[in-house]
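Engineer: My questions will all concern the structure given below.
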Amino acid sequence: MKQLMLGNEAVARGLYEAGCSFVSSYPGTPSTEITECAAKYNEIYAEWAPNEKVAMEAAFGAAFAGKRSFCGMKHVGLNVAADPLFTISYTGVNAGMVIGVADDPGMHSSQNEQDSRHYARAAKLPMLEPSNSAEALEFAKKAYEISETFDAPVLLKMCTRVAHSQSIVETSDRVEKEQVEYVKNPSKYIMMPGFAKKRHPVVEERTKKLADFAAGSDLNRIEKGKDIKLGIITAGTCYQYVKEVCGDDVSILKLGMVWPLSEKLIKEFASSVEKVIVVEELDGFIEGFCNAIGIETEGKNLFSDIDELSQNKVAKGLGIEYNGGEAVDAIIPNRPPVMCAGCPHRGLYYVLSKLKLNVIGDIGCYTLGAVAPLNAVDSVICMGASISGVHGFNKAHDGKTDGKTVAVIGDSTFMHSGMTGLVNISYNNSNSTVIILDNSITGMTGHQHNPTTGYNLKGDPAAKVDLEALCKAIGINSVRVVDPYDIAMCENVIKEELAKNEPSVIISRRPCALLKYVKHSSPIKVDADKCKSCKMCMKIGCPAISIVNGKAVIDATLCTGCGVCTQLCKFGAMQEGTK
Amino acid sequence: MNNTKNVMIVGVGGQGSLLASKLLGRLLLTKGYDVKVSEVHGMSQRGGSVVTYVRFGDQVYSPVIDEGEADFIVSFELLEAARWTKFLKKDGKIITNTQQMNPMPVVTGAAEYPSDLVNKMKANGFDVDAINALELAEKAGSSKAVNLVLMGRLSKYFDFTEEEWMNAIEASVPPKFLEMNKKAFEYGANA
Chain A
1 MKQLMLGNEA
11 VARGLYEAGC
21 SFVSSYPGTP
31 STEITECAAK
41 YNEIYAEWAP
51 NEKVAMEAAF
61 GAAFAGKRSF
71 CGMKHVGLNV
81 AADPLFTISY
91 TGVNAGMVIG
101 VADDPGMHSS
111 QNEQDSRHYA
121 RAAKLPMLEP
131 SNSAEALEFA
141 KKAYEISETF
151 DAPVLLKMCT
161 RVAHSQSIVE
171 TSDRVEKEQV
181 EYVKNPSKYI
191 MMPGFAKKRH
201 PVVEERTKKL
211 ADFAAGSDLN
221 RIEKGKDIKL
231 GIITAGTCYQ
241 YVKEVCGDDV
251 SILKLGMVWP
261 LSEKLIKEFA
271 SSVEKVIVVE
281 ELDGFIEGFC
291 NAIGIETEGK
301 NLFSDIDELS
311 QNKVAKGLGI
321 EYNGGEAVDA
331 IIPNRPPVMC
341 AGCPHRGLYY
351 VLSKLKLNVI
361 GDIGCYTLGA
371 VAPLNAVDSV
381 ICMGASISGV
391 HGFNKAHDGK
401 TDGKTVAVIG
411 DSTFMHSGMT
421 GLVNISYNNS
431 NSTVIILDNS
441 ITGMTGHQHN
451 PTTGYNLKGD
461 PAAKVDLEAL
471 CKAIGINSVR
481 VVDPYDIAMC
491 ENVIKEELAK
501 NEPSVIISRR
511 PCALLKYVKH
521 SSPIKVDADK
531 CKSCKMCMKI
541 GCPAISIVNG
551 KAVIDATLCT
561 GCGVCTQLCK
571 FGAMQEGTK
Chain B
1001 MNNTKNVMIV
1011 GVGGQGSLLA
1021 SKLLGRLLLT
1031 KGYDVKVSEV
1041 HGMSQRGGSV
1051 VTYVRFGDQV
1061 YSPVIDEGEA
1071 DFIVSFELLE
1081 AARWTKFLKK
1091 DGKIITNTQQ
1101 MNPMPVVTGA
1111 AEYPSDLVNK
1121 MKANGFDVDA
1131 INALELAEKA
1141 GSSKAVNLVL
1151 MGRLSKYFDF
1161 TEEEWMNAIE
1171 ASVPPKFLEM
1181 NKKAFEYGAN
1191 A
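Chains as they are written, first to last, in our numbering: chain A, 1 to 579; chain B, 1001 to 1191.
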């Protein structure tokens, strides 16, 4: 049956049809829906792991045991999982293993724009890159065949425009796979020097075989154009932009397998045309290979290595005319994302901002505490970097910043890679204060459960990590819990903990206001007569509050009645609503 | 070069534009078109400016709509309609809700919400169909039905039958809210 499917949903369908029965992932935009959709199939065991490294190792364990497995992550997640990646390349697999990695060119929801293809080359693993949902489904299935034929985990590279676009797919039935027998094989699976030295040549040989396979595989295809003067080499979503602009006018080498690349295929294509242009997003990965095998190309001189491409950008690079539009003659203010009305992070950030603390931040919704008017965050690097960073920051200041610096990290991010940083604080005698923003969910990626929520991916009850007990077990003696809706409490506790001559953890606990089970209070009402237009209530950046004709106004459709603004108003103009 | 039609659905994160694109995508699929719908998830959903691209025709390649390409811009909020004008084709049409939502730079006083945007757009030669979709949605029973009001408005410019639209609505909204959504659709179509 023909149906519209999100690229990520199509990958999940491909996993299902291929007989995959084990999925372990950590959520990350734009990869999250692969695992959420896979979890809807009863035939697939699916879980959220605390981080990508754990997910990849779990998926490897399942493939090692003889079942087809998958793990999915965003591009920066692959950095976290890079350690197992490079070595499972040596061991190979028992049953097929596919690793989904979703890049985010244009950084719609990411902290950098790294190009995952470099990992395929560096780890010497095959990588497939679909250009629409139909290919996402088909390539997921083919990835398992390649994985088992060549005894290698296979990378399936998505990007935002393929992962989050719906296009038409045709589904077929699941083909159940018998579990491959597990046989002990120390020299293949124990990667200590003596054994690993024997595996490395196998890996190099495998890459040569995969390149031969790439030359003949239907994953790569040449589309002869009307004009054979110009030949374009492209892959993924860029192929769609090229087709949009050029139609059937030019010859195209469309690569579905972006590593290893076939020297034979590329030379054959190049010799059939007069000029080769490589159209690819981000780095000149394919172009670099072409140049290394002696083929002259144009590519990165025409298309930027920054941001995503589009049909107009491709047309411009190729020197083809296109119609740009005209904007209305008006100054349009930006509309950046903001913390939601009722967000529990707001009250806590107000206090950090008021106390003028150095705030070493982390990855999640609470990164938005960095923007005006809160302006409460000093740095954001990667998952877990807040806790490790605050330690280094304070040590480097010889204790001078201990009392005015904190790390902030979410509950899911703390589970992901904050714990080890906290061990470092405890172990290395740091006098740092860490605030765990526990909103009882993984928020930014769209409400995924994590080890602190008490539920698993399928929504079934699960063991719940006790954050207070965990921090104490790590060696932090001072662990306090505050309610971020209570500004005075937050301020007092933060001051007390910063004043102590020992490391401390403050857990700011209140579930995300968007969670279905969270009951909102009645909207706050403004007594306009009492409002003195001091604009104190504007300091928290709540989207429900604005000033109209000098007076504060509450948007009752947005307000959740959290009451943070009522605590800021010295004149009692902000009043708790009644039903 | 090809006959692909382009509809951009724009608004503020959380306004329900994903349902509108789902409904439209479903309808276009049943009409036998090749369809692509492109969404943005993640950080921009938190009250930021959001855009969904719906493209259909004999064969659709790119999943996105570029500047100067949109046949229709359907906007859930007035400022957002103005923001994306550069994406409209020369003879394209803007269907917009007249509701205004202040973005944070306006809330904090760092920027101003431009006045009289509908007339400004018209004065610049844009074909604008502006309706108070929020009021119509509330009349139908819920402020959340703005998406169906706007789809109703869009339906006026398409050659599909009312039955085809109704079937797509039935397939896209929960049964509990079906009547209310159908009403919102009618209000939009007849406003």
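No residue lacks a Cβ here, since even glycine has one placed at the ideal position from N, Cα and C.
The model shown is predicted, which means the values in this text are computed figures rather than measured ones.
Considering only residues of the same chain and omitting the five flanking positions on each side of residue 19 of chain A, which have a CB-CB separation below 7 Å?
Structural biologist: Only 68, 174, 175, 176 and 177 meet the Cβ criterion.
Engineer: Rounded C-beta distance between residue 1145 of chain B and residue 1098 of chain B? I'm assuming under 8 Å.
Structural biologist: With 8 Å as the limit, residue 1145 of chain B and residue 1098 of chain B do not qualify as a contact, their Cβ atoms being about 16 Å apart.
Engineer: Counting only beta-carbon separations shorter than 8 Å, does residue 1141 of chain B have a partner in chain E?
Structural biologist: Absent here is chain E; the protein component of the structure consists of chains A and B.
Engineer: Just reading off the beta strand (DSSP E) that residue 74 of chain A is part of, what are its end residues?
Structural biologist: That run of the beta strand (DSSP E) goes 69 to 74.
Engineer: So, for residue 383 of chain A: in the same chain, excluding its five sequence neighbours on each side, which residues have a beta-carbon less than 6 Å away from its beta-carbon?
Structural biologist: Excluding sequence neighbours, residue 383 of chain A sits near 363, 413, 416 and 417.
Engineer: So is residue 187 of chain A buried or exposed if we call it buried at 16+ other beta carbons inside 10 Å?
Structural biologist: Exposed: under 16 other Cβ atoms inside 10 Å.
Engineer: When the Cα atoms are used, what is the spatial distance from residue 281 of chain A to residue 128 of chain A?
Structural biologist: So the alpha carbons of these two residues sit roughly 15 Å apart.
Engineer: Please work out which residues of its chain come closer than 6 Å, Cβ to Cβ, to residue 1036 of chain B, disregarding the five sequence neighbours upstream and downstream, and give them in chain order.
Structural biologist: These residues qualify, in order along the chain: 1055, 1060 and 1063.
Engineer: Near residue 110 of chain A, which residues of its chain fall below 6 Å by C-beta distance, leaving aside the five closest residues on each side in sequence?
Structural biologist: For residue 110 of chain A, where only same-chain residues beyond five positions count, the Cβ hits under 6 Å are 104.
Engineer: Compute the distance between the beta-carbons of residue 252 of chain A and residue 298 of chain A, then report whether it is under 8 Å.
Structural biologist: Taking 8 Å as the Cβ cut-off, residue 252 of chain A and residue 298 of chain A do not qualify as a contacting pair.
Engineer: Using a cut-off of 7 Å between C-beta atoms, extract the partners of residue 1121 of chain B located in chain A.
Structural biologist: Correct list: 328.
Engineer: Could you list which residues in chain A have their beta carbon closer than 7 Å to that of residue 1025 of chain B, in chain order?
Structural biologist: Those within 7 Å of residue 1025 of chain B in chain A are 4 and 166.
Engineer: Taking the continuous alpha helix (DSSP H) assigned at residue 221 of chain A, which residues delimit it?
Structural biologist: Note, residue 221 of chain A: premise wrong, no alpha helix (DSSP H); beta strand (DSSP E) at 221 to 223.
Engineer: Using a Cβ-Cβ distance under 8 Å, would residue 1106 of chain B count as near chain A?
Structural biologist: At least one chain A Cβ lies under 8 Å of residue 1106 of chain B.
Engineer: Quick check on the burial criterion: 16 or more other C-beta atoms within 10 angstroms. Buried or exposed for residue 76 of chain A?
Structural biologist: So residue 76 of chain A counts as buried.
Engineer: Give me the chain A residues within the contact set of residue 1047 of chain B, using Cβ-Cβ distance strictly less than 7 Å, ordered along the chain.
Structural biologist: Per Cβ cutoff of 7 Å: 337, 338, 340 and 543.
Engineer: Tell me which residues of the segment 1168 to 1186 of chain B have at least one Cβ-Cβ distance to chain A shorter than 9 Å, keeping chain order.
Structural biologist: Result list empty, no residue passes.
Engineer: Smallest Cα separation from residue 433 of chain A: which of A:265, A:442 and A:471?
Structural biologist: Nearest C-alpha to residue 433 of chain A: A:471.
Engineer: Say whether chain B places a C-beta atom closer than 8 Å to the C-beta of residue 298 of chain A.
Structural biologist: Residue 298 of chain A does not count as touching chain B.
Engineer: Less than 8 Å between the C-beta atoms of residue 355 of chain A and residue 506 of chain A, yes or no?
Structural biologist: Cβ atoms of residue 355 of chain A and residue 506 of chain A: not closer than 8 Å.
Engineer: What are the boundary residues of the alpha helix (DSSP H) that includes residue 1121 of chain B?
Structural biologist: Segment 1117 to 1123, the alpha helix (DSSP H) holding residue 1121 of chain B.
Engineer: Please report how far the alpha carbon of residue 197 of chain A lies from the alpha carbon of residue 52 of chain A, in whole angstroms.
Structural biologist: Straight-line Cα distance between these residues: approximately 27 Å.
Engineer: So, are the CB atoms of residue 1114 of chain B and residue 136 of chain A less than 8 Å apart?
Structural biologist: No.
Engineer: Please report how far the alpha carbon of residue 1001 of chain B lies from the alpha carbon of residue 258 of chain A, in whole angstroms.
Structural biologist: A caution first: residue 1001 of chain B carries a pLDDT of 47, below 50, which makes its placement in the model too unreliable to give a value.
Engineer: Please report how far the alpha carbon of residue 1125 of chain B lies from the alpha carbon of residue 29 of chain A, in whole angstroms.
Structural biologist: When rounded, the distance between both Cα atoms is 39 Å.
Engineer: With DSSP collapsed to three states, give me the class of residue 1178 of chain B.
Structural biologist: Three-state DSSP puts residue 1178 of chain B in a helix.
Engineer: Can you tell me which residues form a DSSP beta bridge with residue 158 of chain A?
Structural biologist: DSSP, once it has assigned bridges, lists A:102 as partnering residue 158 of chain A.
Engineer: Quick check on DSSP: helix, strand or coil for residue 117 of chain A?
Structural biologist: DSSP places residue 117 of chain A in helix when its eight states are reduced to three.
Engineer: Less than 8 Å between CB atoms is the rule here; does residue 1137 of chain B satisfy it with respect to chain A?
Structural biologist: Answer no: the Cβ-Cβ gap between residue 1137 of chain B and chain A never drops below 8 Å.
Engineer: Mind listing which residues of the segment 216 to 245 of chain A have their C-beta closer than 9 Å to chain B's C-betas, in chain order?
Structural biologist: If the cut-off is 9 Å between Cβ atoms, the segment 216 to 245 of chain A has 237, 239, 240, 241, 242, 243, 244 and 245 near chain B.
Engineer: Since residue 189 of chain A and residue 64 of chain A are thought to touch, with beta carbons under 8 Å apart, how far apart are those beta carbons, to the nearest angstrom?
Structural biologist: Right, their Cβ atoms sit about 7 Å apart.
Engineer: Quick check on residue 477 of chain A - is its C-beta less than 8 Å from some C-beta in chain B?
Structural biologist: No, residue 477 of chain A does not count as interfacial toward chain B.
Engineer: Excluding five sequence neighbours on each side, which residues of the same chain lie with their C-beta closer than 6 Å to the C-beta of residue 32 of chain A?
Structural biologist: The answer, listed in chain order, is 445.
Engineer: Can you tell me which of B:1079, B:1057, B:1184 and B:1069 puts its alpha carbon nearest to the alpha carbon of residue 1135 of chain B?
Structural biologist: The shortest Cα separation from residue 1135 of chain B among B:1079, B:1057, B:1184 and B:1069 belongs to B:1184.
Engineer: How would you write the range of the beta strand (DSSP E) that residue 283 of chain A sits in, first residue to last?
Structural biologist: It is not in any beta strand (DSSP E) - residue 283 of chain A carries neither H nor E in the DSSP assignment.
Engineer: By DSSP, does residue 259 of chain A sit in helix, in strand, or in coil?
Structural biologist: Residue state, collapsed to three classes: strand.
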